[in-house]
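Here the numbering used here is used: the first residue of the sequence shown is -1, the next is one more, and so on. Note sheet for the following structure.
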Amino acid sequence: MCSFQYRKGLDTTNPNYNAPLKLRILWTFYQDSQKGITGITIVSSWFVPYDKSKSDQDAAQRALDFMYGWFMDPLTQGDYPFSMRVLAGDRLPKFTKQQSELIKGSFDFIGLNYYTTNYAVAFPFSNYAKNRSYDTDAYANLTGKNCINIFLSLCSHLVGVDEFNNVSLTLAEALKDDVRIAYYQQHLQQVRRAMRYPMSPSSDYMNYQLPIISHYHRVDVRGFFAWSLMDNFEWMDGYTVRFGIYYVDYKDGLKRYPKSSTH
């Protein structure tokens, strides 16, 4: 399911209303018939307030509500985040009491697909009075730059890495991806830390940015998948970035070459 807004109005929120209801049906069916496990993978960025002002902190929280909470809150709380209810108003579908009880907890695992971190800046509510849509309801002005940013304070934050398709590099240079290696090493260390120790605020940023976490506990991580095995066509960036740990030569029969990060 894609939340990039190609249409306006209720069409942008109805698919996400149907998703948890359908997940409940699948979850019940596979548990009853096959004793299987069922989950959902959610795509979300992490959002950092542009500065320490309360307004920017709130903007970052709203942005997270509208991207991650839009999918996750119905499955854990039975309804959308409060900020979405207030700001989207009647354009946000309503769950009945029975539906709310049904969808809560209707998953066995959660997959989290994350690429990057964005700054969020509060935007005056009056500026969004007209032409309301999902993109404006969060009242958060996000960075417009479309690239992948590594947020160095990895502890319990979403981070990512990219590699621009620099055609001036030789093949040997393109295969040397030390930044990716460092990223995976540091990030997996933090994943391991989250599995072993209760998470708690550990930096100045976390002390003022994480109102969403009211308690801290060990994270039950069952797997980690690198994105991606090979360079490929990216939904947002086409062939302009290379995420793969294998280099693909698009000009020579799609030949594959292992980058340093494969070892």
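By construction, the Cβ of each residue, glycine as well, lies at the ideal position given by its N, Cα and C atoms.
key: V84, buried or exposed, once every other Cβ within 10 Å from all chains shown has been counted against 16   = For V84, the number of other beta carbons within 10 angstroms of its own is below 16, and it is reported as exposed.
Cβ pair P72, Y66 closer than 8 Å = Their beta carbons are not under 8 Å apart, which means P72 does not touch Y66 by this criterion.
ask   = Are S42 and L110 close, meaning C-beta to C-beta below 8 Å?
value = Cβ distance < 8 Å, so S42 and L110 count as in contact.
request  = My understanding is that I38 touches L62, with C-beta atoms under 8 Å, so please give their C-beta distance in whole angstroms.
outcome  = No, I38 and L62 are not in contact; Cβ-Cβ is about 17 Å, not under 8 Å.
task = For S258, count neighbouring Cβ atoms within 10 angstroms of its own Cβ and tell me buried if that reaches 16, exposed if not.
result = In summary, S258 is exposed, with fewer than 16 beta-carbon neighbours lying within 10 Å of its beta-carbon over all protein chains present.
key: Y237, buried or exposed, once every other Cβ within 10 Å from all chains shown has been counted against 16   = By the beta-carbon neighbour count (other beta carbons within 10 angstroms, threshold 16), Y237 is exposed.
task = Take K95 and list the residues in its own chain whose beta-carbon comes closer than 6 Å to its own, dropping the five residues that flank it on each side.
result = So no residue of the chain qualifies.
request  = Check R254 in the structure and name its three-state DSSP category.
outcome  = R254 falls in the strand class under three-state DSSP.
query = For the alpha helix (DSSP H) that I101 lies in, which residues bound it at each end?
reply = Where I101 is concerned, the enclosing alpha helix (DSSP H) stretches over K95 to I101.
query = Going by C-alpha distance, which of A172, Y113 and R190 is nearest S226?
reply = With distances taken between Cα atoms, S226 lies closest to Y113.
ask   = Who does M228 pair with in a DSSP beta bridge?
value = Per DSSP, the beta bridge partners of M228 are Y244.
query = Apart from the five residues on each side of it in sequence, which residues of its chain come closer than 8 Å, Cβ to Cβ, to R220?
reply = Scanning its chain for C-beta atoms nearer than 8 Å, with the 5 sequence neighbours on each side dropped, one finds around R220 the residues F107, in chain order.
key: Start-to-end residues for the beta strand (DSSP E) that takes in V84   = Segment F80 to A86 is the alpha helix (DSSP H) holding V84; no beta strand (DSSP E) there.
task = From the DSSP output, read off the bridge partner residues of W44.
result = According to DSSP, W44 bridges with T115.
message = Can you confirm whether the stretch 86 to 95 touches the stretch 20 to 34 when touching is taken to mean that 3 or more C-beta pairs between the two stretches lie within less than 8 Å?
response = Contact between the stretch 20 to 34 and the stretch 86 to 95 is not established, with fewer than three Cβ pairs separated by less than 8 Å.
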